[in-house]
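In terms of the UniProt record's numbering, the sequence shown has 314 at position 314, counting the first letter as 1, and numbering is strictly consecutive. Where is the CB? At the ideal position from N, CA and C, for every residue including glycine.
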Amino acid sequence: MESLAEFDDLAVAEVVAELDENDADLWRQLRRKRDFELRVDEKRLQLQDHLAKHQGGHVALKEAGVSVELLQKEVKFVKDQHRELEHDLMVLKESNRLLQQAFQVSSSSQAPLCQSLLRSKDFVAEERARVESLQVQQEQVEHLRMHIESLRVEKQSLQQSQQVLFHKQRNAEQDRNRLLGALQDDRNSLNDLRAERIQLLEQRTLLDKQMAAIASQVHGRALDGQPSNGFQGQRHSPSPEQAEAANVLYKLPGSSGGVRGHVPHDAPLPQSWFASNSSEQEMQRTHWTSFEKTDADGTQKKAESPSFGGRMADAFQV
């Protein structure tokens, strides 16, 4: 019986040690889960920042596209004006050439002097006005050319900024895809961790059941006081070794028959069955459901049945 008790104690100690290791492993995995959740929150914040930056770049890209379209329209209008001015300039040159030919012909002819002078004065005034208008138009053309050149430079800078924004957009999309992939991997690892935790909890529950079954078997054997292959249906008084093993078992917390723990004072004294006799109050009972007492020599015998304020008939005495 002592070897059986030692074997059971060793088995219980091994199971308790294994449960402690499983508990420590579970706590370690919970800490890992907490760290992982913190990392997921940080990644989520980074993803939100990238999305905000991406939205800002997208808005700037749209604005740049609209401004480029407006500048293209202005450039087209300036080109049209430039063509019209070139056409007017060609017309003016042709008219000037014709007028010069006519002036040469008129000067060679023998016209009256006054008429020639008047015509020459009018022609000089007209030519002066035409030259002034041509100079003004030339200045306008130069101004438009400078404006076109500035628009071309601005267009090139906008195209470069557009390329930079496209590059940033591609980088942001790549970062977003990487973050999404990392988030998916973290979710998969979290699911694996949850499945492992559930499996460990199931194993722990199974071990608890096995411990409960072992404790109930040991308690049943200790209460019977005889081997499981002995004569069934007969009860003999247990030996001193069995009584000592039963007392040691009763002192274990939670091993009092599987009903409740150690209760030093269960009911009030007026309603207690051991209040009728002072010698019965000095009995050392290991559990309130036990009906055995231990004498001074270490032997156990049946105790009297409980009653309210007195003793019943010796129904439990052998």
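How would you call residue i, buried or exposed, if buried means at least 16 neighbouring beta carbons within 10 angstroms?
i	result
Arg221	buried
Val218	buried
Val16	exposed
Ala125	exposed
Val153	exposed
Gln281	Residue confidence for Gln281 is low, a pLDDT of 45 falling below 50, so the modelled location carries little weight; the figure read from the coordinates is stated next. Classification for Gln281: exposed.
Pull up the distance between the alpha-carbon of residue i and that of residue j, whole angstroms please.
i	j	result
Phe77	Val40	55 angstroms
Ala129	Lys62	49 angstroms
Asp214	Leu207	The sequence given here has Ile at residue 214, not Asp. If you take the alpha carbons of Ile214 and Leu207, they lie about 10 angstroms apart.
Leu269	Ala13	Any answer about Leu269 is weak, because its pLDDT of 45 lies below 50 and its placement is not dependable; what the coordinates show is given next. Their Cα atoms are separated by approximately 39 angstroms.
Ser133	Asp80	20 angstroms
Asn177	Ser216	58 angstroms
Gln169	Leu38	28 angstroms
Met211	Asp20	14 angstroms
Ile148	Ser95	29 angstroms
Asn191	Arg197	10 angstroms
His287	Ser189	Because the pLDDT at His287 is just 45, under 50, the model does not fix this residue reliably, and the value given afterwards should be weighed accordingly. Using only the alpha carbons, I get a separation of about 50 angstroms.
Asp224	Gln203	31 angstroms
Val91	Val68	35 angstroms
Ser290	Glu18	Any reading at Ser290 needs caution, since the residue's pLDDT is 45, under 50, leaving its predicted position unreliable; the model's value is listed next. Straight-line Cα distance between these residues: approximately 32 angstroms.
Gln24	Leu30	Sequence check: residue 24 is Ala here, not Gln. Looking at the two C-alpha atoms, the distance is approximately 10 angstroms.
Gln46	Leu183	12 angstroms
Ala52	Leu26	39 angstroms
Gln100	Lys93	10 angstroms
Leu89	Val131	11 angstroms
Ala102	Met146	38 angstroms
Arg187	Thr205	27 angstroms
Arg97	Glu127	12 angstroms
Gln137	Phe123	20 angstroms
Arg28	Gln48	30 angstroms
Asp35	Ala64	43 angstroms
Gln160	Lys121	58 angstroms
Lys209	Asp9	17 angstroms
Gln135	Lys73	27 angstroms
Should residue i and residue j be called a contact, given that it needs their Cβ atoms to be closer than 7 angstroms?
i	j	result
Leu193	Lys33	yes
Leu179	Lys43	yes
His50	Asp175	yes
Leu71	Lys155	yes
Val75	Leu151	yes
Asn22	Leu201	no
Ala195	His54	no
*asked:* Quick check: the segment 136 to 143 against the segment 85 to 93, are at least 3 beta-carbon pairs closer than 8 angstroms?
replied: yes
*Given 8 angstroms as the limit, is there contact between the segment 47 to 61 and the segment 151 to 170, that is, 3 or more CB pairs closer than that?*
yes
_As an exercise, report each continuous beta strand (DSSP E) stretch of at least 3 residues that is fully enclosed by the segment 63 to 99, in chain order._
none
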